[in-house]
Amino acid sequence: MARRVTPGRRSTTPSMTEYLNENIQTVADLQSLDSLLESLQKQQELQKQQLREAEEILSKATEASKQHTETVRRRAEAFNEQQNDIDRRLVEVTQSKSSDEATRKFEASMEKLGRLEIAKGYMELLGRVNRISEDTLSVIQWSPNDALSLYSEVRALASSLVSVQVAAEGAAPHLIDYTTKLVGSLKDALQKEYSGKLRAVLEKMKWPSKELQVDDALVRQWADWFELLLRLQEP
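Going by our numbering, the first residue of the sequence shown is number 13, and it counts up by one from there.
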């Protein structure tokens, strides 16, 4: 059915032909439109590519999250299995009725073992102290310098026993008392020996008489024994 047009009035809606006639007058206008359409098409393709990349990133992130969750879940299950296996073995070994009871028994056993290890360490140190003390007394006559060195070693071991006792919260104080007395006895023995030798040298020098002899050999002997006595008093 043909549209009726009112005489004397013109339609206010332009047709496509009229739009093209009004806006595209030259070949340059047509080329400009082609460039615009090409630019819009490239933008659309770029947006599509960016959308695909974003979807790919999201997909990878989602997969990584799933894998991490699965890894954590497997580790948790493995830990629980190991813990259950430990609890089961503790119950069997300690002949307990529950894992809590087994844990208490196991901790008590470890505490006893720790005390045994401390006692073993004490006995080993004490054995060394006794051996070195015997060596000190055995060489005191013919090697006074060696005797003094051995005495210093015994004294160092006794000090280490005191340090161990502090770390062990005062365990085995009788051993500390024993070694302290032993070190004191050794020092008395060395002092008695060195003092006796020094006194003998002074007698040979006829000190403190007017006939004092100060030959080189006696002076060296006096200096040696006096030095040993000084070193013995060092802290």
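Beta carbons: idealized from backbone N, C-alpha and C, even for Gly.
Quick check on residue i: buried or exposed, where buried means 16 or more other Cβ atoms within 10 Å of its Cβ?
i	result
Ile144	buried
Val84	exposed
Thr74	exposed
Thr81	exposed
Leu162	buried
Ala168	exposed
Nearest CA to the CA of residue i: which residue from the options?
i	options	result
Leu230	Asn92, Ala212, Arg116	Ala212
Leu210	Glu239, Ser71, Leu70	Glu239
Arg140	Leu58, Ala170, Leu63, Leu160	Ala170
Ser164	Lys60, Thr192, Lys117	Thr192
Ile188	Asp227, Leu137, Gly208	Leu137
Trp237	Glu68, Gly208, Asp147, Lys222	Gly208
Gln245	Asn96, Arg64, Lys204, Lys72	Lys204
Measure the CB-CB distance between residue i and residue j and report whether it falls below 8 Å.
i	j	result
Ile152	Leu194	no
Leu241	Tyr206	yes
Val166	Leu198	yes
Ser111	Lys117	no
Alpha carbon to alpha carbon, what distance is there between residue j and residue i?
i	j	result
Val39	Ala66	Legend: pLDDT at Val39 = 49, less than 50; position of this residue unreliable, no value from coordinates given.
Ser172	Ser150	24 Å
Glu256	Asn92	Missing from the structure shown is residue 256; the chain here goes from 13 to 247 and no further.
Tyr134	Gly196	19 Å
Leu224	Ser155	28 Å
Leu52	Gln59	11 Å
Lys54	Leu70	24 Å
Ala235	Ala120	60 Å
Lys216	Glu129	55 Å
Gln233	His186	41 Å
Asp200	Ala159	13 Å
Ala76	Arg86	15 Å
Leu214	Arg243	19 Å
Glu89	Gln61	42 Å
Within the region 189-241, note down every full alpha helix (DSSP H) run reaching 4 residues or more, in order along the chain.
none
Enumerated in chain order, which unbroken segments of the beta strand (DSSP E) with a length of 3 residues or greater are wholly contained in the region 54-110?
none
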